[in-house]
Each structure stands twice: as structure tokens, then as C-alpha cells.
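Step one of this worksheet: look at the structure below.
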Amino acid sequence: MSAVSAQVATGSGARLEDGGAGGAAPLAPRARLLPALAAVYRAQLSRARVARIPLLFVATFQSVGIMVLLRGVVSGGDPAQSVVSGSAVLVVAFVALNLLAQYFGQLRAGGGLDHYATLPVPPAAVVLGAAAAYASFTVPGAVVTAITGCLLFHLPMAHLWVLVAVVPLSGAALSGLGAALGLLAPRQELATLGGQLGMSAALLLGVLPADRMPEPIGWARDLLPSTYGVEALARTFAPHPDWLAVAADLGICAAVGVLSLAVATWAYRRAAVR
Numbered sequence: 007m008s009a010v011s012a013q014v015a016t017g018s019g020a021r022l023e024d025g026g027a028g029g030a031a032p033l034a035p036r037a038r039l040l041p042a043l044a045a046v047y048r049a050q051l052s053r054a055r056v057a058r059i060p061l062l063f064v065a066t067f068q069s070v071g072i073m074v075l076l077r078g079v080v081s082g083g084d085p086a087q088s089v090v091s092g093s094a095v096l097v098v099a100f101v102a103l104n105l106l107a108q109y110f111g112q113l114r115a116g117g118g119l120d121h122y123a124t125l126p127v128p129p130a131a132v133v134l135g136a137a138a139a140y141a142s143f144t145v146p147g148a149v150v151t152a153i154t155g156c157l158l159f160h161l162p163m164a165h166l167w168v169l170v171a172v173v174p175l176s177g178a179a180l181s182g183l184g185a186a187l188g189l190l191a192p193r194q195e196l197a198t199l200g201g202q203l204g205m206s207a208a209l210l211l212g213v214l215p216a217d218r219m220p221e222p223i224g225w226a227r228d229l230l231p232s233t234y235g236v237e238a239l240a241r242t243f244a245p246h247p248d249w250l251a252v253a254a255d256l257g258i259c260a261a262v263g264v265l266s267l268a269v270a271t272w273a274y275r276r277a278a279v280r
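Each residue of the sequence shown is one higher than the one before, counting from 7 in this note's numbering.
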């Protein structure tokens with residue numbers, strides 16, 4: 007093939023005539039965020055669907071087991087509300103922090119980020135799609151845990167519909183944190199360790215009643231993103247819930263979710279170019 011025909015085939019000739027540098031043409035126009043997000047979500051959902059039964063069983067069994075153990079220590083009142091709400095959100099933390107950190111750490115270590123980097127997909131779509139797919143599997147487990155906890159501790163179930171907001175907002179906040187841990191960790195083992203430590207923090211600081219913690223630990227609890235989802239759910243067990251306080255807790259959880267997902271997107275860009 008001649009140099010002229012090669013230029014015509016690649017489109018570089020037109021750029022040379024216009025005074026361009028003659029660089030390589032883009033492979034495809036960049037996809038819009040929402041269609042790319044839907045495509046990544048469906049792909050990740052299909053990938054994670056194979057392990058959904060063990061995932062749901064382990065996450066739910068862990069939270070229900072914690073409530074059964076604490077049933078002999080906590081009889082009712084505010085401590086019981088904290089135990090039930092914290093155990094329900096712990097199902098989300100198990101997936102969003104632990105498994106998502108492992109996934110992105112493995113993706114980075116195995117060169118999987120190079121595959122996504124060659125696609126015309128926005129980085130935010132990759133992070134959000136993977137986080138949403140993993141968080142989707144937590145919904146049944148969180149609902150089962152909350153219902154079981156209400157039966158164990160004799161709590162009202164009239165306002166459990168608030169889980170519709172608590173699960174996705176807590177999932178967004180924790181998923182962003184888990185993805186950032188996996189992408190920023192220099193080694194895959196450290197990503198796994200970071201995810202497990204984050205889940206342990208969600209367990210200790212979210213399930214145990216806040217009024218029984220030392221003050222410094224209470225400050226650490228306030229920094230944990232899932233705390234506000236736990237507080238929002240716990241408030242709904244009261245005879246007359248303070249819905250303004252519930253909305254405020256959910257608003258803080260949503261703001262932290264946006265911030266953590268933005269950090270995870272930045273971490274993805276940083277890891278993809280290395």
C-alpha cells in the first residue's frame with residue numbers, strides 16, 4: 007500500500023492538509039456516562055451472579071449470627087435498635103468494603119485496568135457500575151437481617167421501608183471507599199487487608215450501641231460513612247420517628263457517597279495511567 011493510500015485509509019492525510027500533526031485517530035467517540043454506566047453494570051452483574059448465593063449466605067449469616075449472640079446481652083430499647091440497624095447495614099459493608107476492595111485490588115494487580123483503559127468508557131462509569139452491581143446483591147440480605155432482628159428484639163417493622171433509601175446510600179458511600187482502597191493499595195494483599203479492616207470497623211462501630219463506647223471511639227464512629235445509614239434506620243424504630251433527623255442522616259450519607267465515589271474515580275484514573 008502506498009503512503010498516500012495509507013493516509014487516506016487512516017484519515018491522517020486530511021489532518022496533514024489541515025496543518026495537523028498526523029497523530030493516530032481515536033478508535034471511537036467517547037461513550038456518554040449513563041449508557042456506559044448501564045453497560046458496565048450489566049456486565050458486572052452477570053459476572054458476580056455466579057457467586058451471588060454464597061455471597062448472600064455469608065453476608066446474611068454473619069449479621070444474623072451477631073444479632074443472636076448479642077441477644078443474650080441486649081434486651082431491648084435503644085441498644086437493640088442499634089444492634090438491628092447496624093447488623094442490617096453490615097451486610098452492605100461486607101460487600102461494599104471487603105469484596106469490592108478485593109475486586110479492584112485484583113483488577114489492578116492482574117492488569118484488568120488495561121482492558122477498561124482501552125474502552126471508550128468514562129472512568130466514573132467503571133467505578134459506579136462495579137459498585138452498583140456488587141451493592142445490588144446486598145438488598146435481600148439486608149432485608150432478611152432487618153426482619154430477623156425485629157423479630158428477635160421485638161421491634162416494630164412498620165417503617166422498614168426506609169431500607170429503600172438506607173441500603174443504596176450506605177452502599178454508595180461504602181462502595182466508593184472500598185473501590186478507593188483497592189485502587190490505591192500498592193499491592194493486592196494490602197487491598198484485601200484494607201477491605202477487611204474497613205468491614206471490621208463497620209462491625210464494631212456500627213453494631214455496638216454508641217452510648218456504651220468511649221468518647222474517642224465515638225469520634226471514629228462519626229467518621230465512618232455507614233454510621234449515618236445506621237442512625238437513620240435506628241431512628242425509625244421509635245414510636246414516633248423524627249423524620250427530619252432521618253432525612254438529615256440520609257443526606258449526610260448521600261453527600262459522603264458522592265465524595266467517596268469521586269475519590270474512587272480519581273483513584274481509578276491514577277491507577278489506569280500507571
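C-beta atoms are modelled at their ideal positions from N, C-alpha and C, and glycine is treated no differently.
Quick one: measure Cβ to Cβ for residue i and residue j, integer angstroms, because I've assumed they're closer than 8 Å.
i    : j    : result
V98  : A141 : 7 Å
L43  : A131 : 4 Å
T66  : G147 : 4 Å
L175 : A260 : 5 Å
F159 : G71  : Their Cβ separation, rounded to whole angstroms, is 15 Å, which puts F159 and G71 out of contact at 8 Å.
M73  : T154 : 7 Å
Q194 : A115 : 4 Å
L39  : P128 : 5 Å
In chain order, what residues of the same chain lie with their CB nearer than 6 Å to the CB of residue i, ignoring the 5 residues before and after it?
i    : result
S181 : A102, L106, A137 and A141
G92  : G212, V213 and V236
V172 : G235, A238 and L239
V262 : A179 and P231
L33  : Bear in mind that the predicted position of L33 carries a pLDDT of just 49, short of 50, making it unreliable; the figure below should be weighed with that in mind. Closer than 6 Å at the Cβ level, and outside the excluded window around L33, lies no residue.
A186 : V269, A270 and A273
Y122 : V132
S69  : S93, L96, V97 and T151
V252 : A238 and R241
P85  : P215
W249 : none
I258 : Y234
R5   : The question about residue 5 has no answer here: the residues shown for the chain are numbered 7 through 280.
G204 : L103
F156 : A small fix is needed here, since residue 156 is Cys in this sequence, not Phe. Excluding sequence neighbours, C156 sits near M163.
V80  : A86 and V89
If you drop the 5 nearest sequence neighbours on each side, which residues of the same chain put their C-beta closer than 7 Å to that of residue i?
i    : result
A139 : Y47, Q50, L51 and A54
A152 : V90, A94, L166 and L169
Q87  : L161, A240 and F243
S206 : none
L209 : L96
V145 : V173
V150 : T66
L119 : L113, A277 and A278
Q202 : N104
G177 : V98, A102, A141 and T144
A191 : G111, A197 and G200
P247 : H165 and R241
A27  : The predicted model places A27 with a pLDDT of 48, which falls under 50 and marks its position as unreliable, so this point remains unresolved.
Going along the chain, which residues of its own chain have a beta-carbon closer than 8 Å to the beta-carbon of residue i, five neighbours each way excluded?
i    : result
L76  : V89 and V213
V64  : F100
G224 : A216
Review point. Does the count of Cβ pairs from the region 172 to 192 and the region 265 to 273 closer than 8 Å reach three?
Key: When Cβ pairs closer than 8 Å are counted between the two stretches, the region 172 to 192 is seen to touch the region 265 to 273, the count reaching three or more.
Check your understanding: Taking only runs of the alpha helix (DSSP H) that begin and end inside the region 116 to 160, which ones reach a length of at least 4 residues, in chain order?
Key -> The region 116 to 160 contains these whole alpha helix (DSSP H) runs: 118 to 123, 129 to 142 and 144 to 159.
Point to revise | Touch test, the region 195 to 206 against the region 108 to 121, Cβ-Cβ under 8 Å, three pairs minimum | key: Inter-segment contact for the region 195 to 206 and the region 108 to 121 is present: three or more beta-carbon pairs are separated by less than 8 Å.
Practice item. Could I get the ranges of all uninterrupted alpha helix (DSSP H) runs contained in the region 55 to 96, with 4 residues as the minimum, in chain order? Key: The qualifying runs are 58 to 77.
Practice item. Starting from the N-terminal side, write out each stretch of the beta strand (DSSP E) that is 3 residues or longer and does not extend beyond the region 198 to 247. Key: Runs of the beta strand (DSSP E) lying entirely within the region 198 to 247, each at least 3 residues long, are absent.
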